[in-house]
Structure formats: structure tokens, C-alpha cells
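Novice: When the letters of the sequence shown are read in order and numbered with the numbering used here, they come out as residues 299 to 682. Even glycine gets a Cβ: it sits at the ideal position worked out from N, Cα and C. Note that the structure is a prediction, hence the values are computed from the model and not measured. To start, I am sharing the structure in question, which I have written as C-alpha cells.
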Amino acid sequence: MMLDRRAFLAVTALSGAMAQSAGLRGTSDAAEPFPGLILREREPLNLEFPFATLKDVITPVESFFVRSHFNIPQLDAATWKLRIGGAVQNPVELSYDDLLKMGSTTQAATIECAGNGRAFLIPKAKGVLWETGAVGNAEWTGVSLNKLLEHAGVKQDAVEVIFTGADRGEITEEPKSPGKIHFERSLPIAKAKSAEVLIAFAMNGKPLTAEHGFPARVIVPGWYGMASVKWLTEITVVTTSFHGFWQTLEYSYFEKMKDRSTLVPVTELQVKASIARPAQREVVPTGKSYRVFGAAWAGEEEVTKVEVSTDAGTTWHEASFVSPAVPFSWRLWEWDWSVPQKPQKYRLMVKATDRRGRTQPTERDANRRGYMVNHLVPVDLAST
Ligand SMILES: Nc1nc2c(c(=O)[nH]1)N[C@H]1C(S)=C(S)[C@@H](COP(=O)(O)O)O[C@H]1N2
Ligand SMILES: [Mo]
């Protein structure tokens, strides 16, 4: 078949769209060279963990989702520097070796992208259409940020700490960036000084891969992923609050006050449980027992209860935890479902509650824009 240039362009555009929709369903288009992940976007690289394959508390690096807003910078550990400046007594400059020699700690943390679950929003939200797998749990090794800040001597009037990544680019779609910008986010000084916040150089015991922030990244346990800045090059202590692109035009939501709403940055993880198995639209055998299985997390708080419903939330059954409560880390849970003899349709739901009694909303709150998706999302099934 001979195609003229216009027809050829139309065909390639169509196959591109088809590849994209196949990726959306997570059925084909394996993300070579990332075979364990679903390709959401090639440039910049965005990869989703196929949540139905959840097995262990610790997510292997090869299966850990990747979220990037710009192309991945290729940094050389031999020349890389981390600068700590701004409102400090002694500005510090560290090499990769300096960082490795500072004395490290290891901390488990669940990282969830604030846009995880966006594919389920109606009306359709803008941004990468993640299903349930923009989340993972890893063991991070690094230097306590507080230790670095003490080294530098934070001035009395400091209010926030800004982290700058080496990646850079221009966002040309609305909301547009002011020309080329870096990925950067700030953290209130109190959270920055908390013991759990790390400048990490290793993930699950191995040096960070390029995709996950080599040579070093921030890890902010208990917060959505955007706070954990990768490819870190600068830490700047500031005395007024920062209103950068990634915490105003993006990664922000409307918080309802008494008489009005105010736009605030996305911060702490919301309590959430997610079903790994059965998968959406799976067909389960009648008259047998089925192990419903998944994970639940609540950011800075502990998950104390997970409940499962097979009738769209009319009745609930308490699930059992199959992993202990580890601070900032998700817990795996299971519930043995005796599937009735009669073939029928089911609408499964799962709901987590934390130690403070906070649970998941039934309805989506539009003021959250495209972020913090933790309302109850059903898994629809049939039994035969
Ligand atoms: N420098 C930089 N850091 C970044 C990002 C980025 O695009 N650039 N993405 C953030 C977002 S939105 C998330 S969810 C996490 C994802 O971390 P991961 O790719 O290691 O899973 O990284 C965060 N850190
Ligand atoms: Mo994210």
C-alpha cells in the first residue's frame, strides 16, 4: 500500500493514539526497557506499577512507579554537588563522597503520586491518567536533613526550605510555566527538621537509579510524592514562604474555610486502601473462597482498620493485616471472601481508617482538582 505524506501522518497519529489507549488499560505496550511497568508517557518518562501484581511490603526498584515532569538529567557522581544556602550561618557544599560519609539512616516510606487514581475522575482530569499504581513502598537510605541543616546553621527567622532538582524545562500548555524552570518544592521548616526526612542516596539497599533521582533525592515520608524532589542539587533556606509553580499552579487544591476557599499546596497523604486482587472486571469462580488482597496507608498516621464490601458499600467486613504497622509505610491486608454459588455481579469496595479515626470519603470533592484521590472507587466483578 502506497501512502502519500498526509495519509501517512494520519495513520501514524492514529497508531500513536491506539498505543496510548492500550497503555491506559494497562494491557499491552510493555514499557521496554522497563518490562515490569506500564508505560504512561515516554518523554518525559512516566511509568506505572501494575498494582494487580502487588506481592511484598517492599516494592522492588524495577516495579516502582516513575513520575517525571522533565527529561531525566544524567548526573555524574564525580562532579555532582549539593549546595545548602540561603538563610544559614555557614553555606555548605557537599560532594557525593561527602554525603555517603556523613552517617546514614534507613527509613521505609510509601510514596504515592498526588495524581494516583486520576483515571477514575469524572469529568476527566488533566494530567497523566494514573490508575491505582502510582504508588510504592521502599526502604530509603540517606542522611537526615535535620543533620545537614544543623551543619549549615539555620537562621532564626527561617520559615521554609526549598529543594531544587537538576531537571529543567518549559511547560507550554496551560497553566504555562514562566519560561524554563526547575522542578522545585518547599517544605515548612518544622517538617524539614523532622527526623524522618532524608536526603536519600539509596533505595532498597542499592544506589538510586537515574529514574528515581541519582545521585540523591529528598524523601518526605507521609507526604505525597511531589515533595520528594529527585536529582537534588540545591537546598535553600528562606525567610518568606515560597509560591513556586509546583505548589501553586500545580499540586495545589482549594481548602474550604467557613466563608470562602483558599488555594493551598498538596502536602500530607490521605488515608487510603487499594485492592490489588481481584482486578477490575475480573471473573471469579462461584462457590469458592477468594483472597481479596491489597495495601493501605495513611501518611503520618497508622492505618488501624481496613474493611471490604462486596455490595457497593451496603455491608462491610473487617480485613486482617498481613504486615505490621511500620511508621510511614503501607500495610498489606487480606480478606477471605466466600463467593456465593449463584453467578452474579459484584461491586467491591475497600475502606481504610487511621488511628485518629479518619477514613475515606464516599464522594469525590471537586475542590481537590486532579489530586488526592482517596474516595471509594469500586472494583466491578462477575462470578461464574
Ligand atoms: N526533580 C524532580 N523531582 C521529582 C519529580 C520531578 O519531576 N522532578 N516528580 C515528583 C513527583 S510528582 C513524584 S510522585 C515523585 C515520584 O518519585 P519516583 O519517580 O521515584 O517514583 O517524585 C517527585 N520528585
Ligand atoms: Mo506526583
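Between the segment 666-677 and the segment 550-570, do three or more beta carbon pairs fall short of 8 angstroms?
Specialist: With a cut-off of 8 angstroms, the segment 550-570 and the segment 666-677 count as touching, because enough Cβ pairs lie within range.
Novice: Is it buried or exposed, Gln405, if we count other Cβ atoms within 10 angstroms and call 16 or more buried?
Specialist: Position 107 of the sequence shown, counted from the start, is the residue given in the question as residue 405. Gln405 is buried by the Cβ-count criterion.
Novice: Given that a residue counts as buried once 16 or more other Cβ atoms are within 10 Å of its Cβ, and exposed if not, what is Asp678?
Specialist: What you label residue 678 is simply residue 380 of the sequence shown in a count that begins at 1. Asp678 should be labelled exposed.
Novice: Given a threshold of 16 other Cβ atoms within 10 Å of its Cβ, counted over all protein chains shown, does Trp616 qualify as buried or as exposed?
Specialist: The residue given as residue 616 occupies position 318 in the sequence shown. Note that residue 616 is Glu in the sequence shown here, rather than Trp. With fewer than 16 other Cβ atoms within 10 Å, it is exposed.
Novice: Name all residues in chain order for which at least one heavy atom of ligand 2 lies closer than 6 angstroms to the residue's CB.
Specialist: Residues with a Cβ closer than 6 angstroms to any heavy atom of ligand 2, in chain order: Arg365, Cys411, Ala412, Gly413, Gly523 and Met524.
Novice: With respect to the alpha helix (DSSP H) encompassing His684, which residues constitute its N-terminal and C-terminal limits?
Specialist: Summary: the structure shown does not reach residue 684, with the chain confined to residues 299 through 682, and so no result is reported for it.
Novice: Spatial neighbours of Pro476 within its chain, please: CB distance less than 8 angstroms, with the 5 preceding and 5 following residues excluded, ordered by chain position.
Specialist: Counted from its first residue, the sequence shown places residue 476 at position 178. Phe543.
Novice: Taking the CB atoms as reference points, tell me whether Asp663 and Glu599 lie closer together than 8 angstroms.
Specialist: Locating residue 663 in the sequence shown gives position 365, where the first residue counts as 1. Locating residue 599 in the sequence shown gives position 301, where the first residue counts as 1. No; because the gap between Cβ atoms is not below 8 angstroms, this pair is not in contact.
Novice: Could you pull the DSSP bridge partners for Pro505 from this structure?
Specialist: As a position in the sequence shown, residue 505 is number 207, starting the count at 1. Paired residues: Ala500.
Novice: Quick one: is Gly668 buried, meaning 16 or more other Cβ sit within 10 Å of its Cβ, or exposed?
Specialist: On the sequence shown, position 370 is the one that residue 668 refers to. It is buried - the Cβ of Gly668 has at least 16 other Cβ atoms within 10 Å.
Novice: Measuring alpha carbon to alpha carbon, tell me which residue in Glu346, Glu448 and Gly451 is nearest Ala432.
Specialist: Residue numbering aside, residue 432 sits at position 134 when the sequence shown is read from its first letter. When only C-alpha atoms are compared, the closest one is Glu346.
Novice: Would you decide whether His541 is buried or exposed? Buried here means 16 or more other CB atoms lie within 10 Å of its CB.
Specialist: Reading the sequence shown from its first residue, position 243 is the one you call residue 541. Classification for His541: exposed.
Novice: For Thr351, which three-state DSSP category applies?
Specialist: Mapped onto the sequence shown, residue 351 falls at position 53. Looking at Thr351 - three-state DSSP - the assignment turns out to be helix.
Novice: Measuring alpha carbon to alpha carbon, tell me which of Lys478, Arg575, Ile479 and Leu446 ends up nearest Gly401.
Specialist: Position 103 of the sequence shown, counted from the first residue, corresponds to residue 401. Of the candidates Lys478, Arg575, Ile479 and Leu446, the one whose C-alpha sits nearest the C-alpha of Gly401 is Leu446.
Novice: Does Ile479 have its Cβ less than 8 angstroms from a Cβ in chain D?
Specialist: You won't find chain D in this structure, because it holds only one protein chain.
Novice: Which partner residues does Leu461 have in the DSSP bridge list?
Specialist: Residue numbering aside, residue 461 sits at position 163 when the sequence shown is read from its first letter. At residue 461 the sequence reads Phe, which differs from the Leu that was named. Per DSSP, Arg483 and Ile533.
Novice: Do you know offhand how far Arg645's Cα is from Asn435's?
Specialist: For this step, residue 645 is matched to residue 347 along the sequence shown. For this step, residue 435 is matched to residue 137 along the sequence shown. Rounded to the nearest angstrom, the two C-alpha atoms are 27 angstroms apart.
Novice: Starting from the Cα of Ala508, find the closest Cα among Val426, Pro348 and Ala375 and give me that residue.
Specialist: Residue numbering aside, residue 508 sits at position 210 when the sequence shown is read from its first letter. Of the listed residues, the one whose Cα sits closest to Ala508 is Ala375.
Novice: Run through DSSP, which three-state label would Tyr394 get?
Specialist: Taking the sequence shown and counting its residues from 1, one reaches residue 394 at position 96. Looking at Tyr394 - three-state DSSP - the assignment turns out to be helix.
Novice: Quick one: is Arg515 buried, meaning 16 or more other Cβ sit within 10 Å of its Cβ, or exposed?
Specialist: Counting from 1 along the sequence shown, the entry for residue 515 is found at position 217. With 16 or more Cβ atoms within 10 Å of its Cβ, Arg515 is classed as buried.
Novice: If distances are taken between C-alpha atoms only, which option among Thr439, Asn414 and Val441 comes closest to Glu429?
Specialist: On the sequence shown, position 131 is the one that residue 429 refers to. Of the candidates Thr439, Asn414 and Val441, the one whose C-alpha sits nearest the C-alpha of Glu429 is Asn414.
Novice: Assuming the contact rule is C-beta atoms closer than 8 angstroms, Leu506 and Ala498 should be a hit. Round their C-beta distance to whole Å, please.
Specialist: Numbered from 1 along the sequence shown, position 208 holds the residue referred to as residue 506. Numbered from 1 along the sequence shown, position 200 holds the residue referred to as residue 498. The Cβ separation is near 7 angstroms, so the contact holds.
Novice: Rounded to whole angstroms, what's the CA-CA distance from Phe461 to Phe481? Just pull it up for me.
Specialist: For this step, residue 461 is matched to residue 163 along the sequence shown. For this step, residue 481 is matched to residue 183 along the sequence shown. Those two C-alpha atoms are separated by around 9 angstroms.
Novice: Hey, is Gly463 close to ligand 1, as in C-beta under 7 angstroms from one of its heavy atoms?
Specialist: Here residue 463 refers to the residue found at position 165 of the sequence shown. Correct: Gly463 has its Cβ closer than 7 angstroms to ligand 1.
Novice: Just to confirm before moving on: does the CB-CB distance between Met524 and Ala412 stay below 8 angstroms?
Specialist: Residue mapping note: residue 524 aligns to position 226 of the sequence shown, counting from 1. Residue mapping note: residue 412 aligns to position 114 of the sequence shown, counting from 1. For Met524 and Ala412, yes; Cβs fall inside 8 angstroms.
Novice: Can you round the beta-carbon distance between Ala456 and Val390 to whole angstroms, since I take them to be within the 8 angstroms contact cut?
Specialist: Counting from one through the sequence shown, the residue named residue 456 turns up at place 158. Counting from one through the sequence shown, the residue named residue 390 turns up at place 92. About 15 angstroms separates the two Cβ atoms, so there is no contact after all.
Novice: Beta-carbon within less than 7 angstroms of Thr470's beta-carbon, same chain only, minus the 5 sequence neighbours each way: which residues are those?
Specialist: Reading the sequence shown from its first residue, position 172 is the one you call residue 470. For Thr470, where only same-chain residues beyond five positions count, there are no Cβ hits under 7 angstroms.
Novice: State the DSSP-derived secondary structure class of Met555, mapped to helix, strand or coil.
Specialist: For the purposes of this step, residue 555 is identified with residue 257 of the sequence shown, where counting begins at 1. If DSSP states are grouped into helix, strand and coil, Met555 belongs with coil.
Novice: Say the cut is 7 angstroms; is the CB of Val527 nearer than that to a heavy atom of ligand 1?
Specialist: Taking the sequence shown and counting its residues from 1, one reaches residue 527 at position 229. Flag set: Cβ of Val527 near ligand 1.
Novice: Expressed to the nearest angstrom, what Euclidean distance is found between the alpha-carbon atoms of Trp631 and Lys353?
Specialist: Position 333 of the sequence shown, counting from 1, holds the residue named residue 631. Position 55 of the sequence shown, counting from 1, holds the residue named residue 353. Going by the C-alpha atoms only, they are around 11 angstroms apart.
Novice: Do you know whose CA, among Phe591, Leu373, Ser587 and Val601, lies nearest Pro638's CA?
Specialist: Along the sequence shown, read from residue 1 onward, the residue named residue 638 stands at position 340. That would be Ser587, whose Cα lies nearest to the Cα of Pro638.
Novice: Could you say which of Lys422, Ile356, Gly597 and Ile573 lies nearest to Thr608 if we only look at CA atoms?
Specialist: For this step, residue 608 is matched to residue 310 along the sequence shown. When only C-alpha atoms are compared, the closest one is Ile573.
Novice: CB Val582 to CB Ser681, shorter than 8 angstroms?
Specialist: Locating residue 582 in the sequence shown gives position 284, counting from the first residue. Locating residue 681 in the sequence shown gives position 383, counting from the first residue. Yes. Within cutoff.
Novice: For Gln372, tell me which candidate among Glu605, Lys379 and Pro513 has the shortest Cα-Cα distance.
Specialist: Looking up residue 372 in the sequence shown gives position 74. Per the Cα distances, Pro513.
Novice: For the putative contact between Val606 and Trp595, defined by C-beta atoms under 8 angstroms, what is the C-beta separation to the nearest angstrom?
Specialist: As a position in the sequence shown, residue 606 is number 308, starting the count at 1. As a position in the sequence shown, residue 595 is number 297, starting the count at 1. Contact doesn't hold; Cβ gap of about 16 angstroms is too wide.
Novice: Considering only C-alpha positions, which residue in the set Thr538, Pro563 and Asp557 is nearest to Ser550?
Specialist: Counted from its first residue, the sequence shown places residue 550 at position 252. Closest option to Ser550, Cα to Cα, is Pro563.
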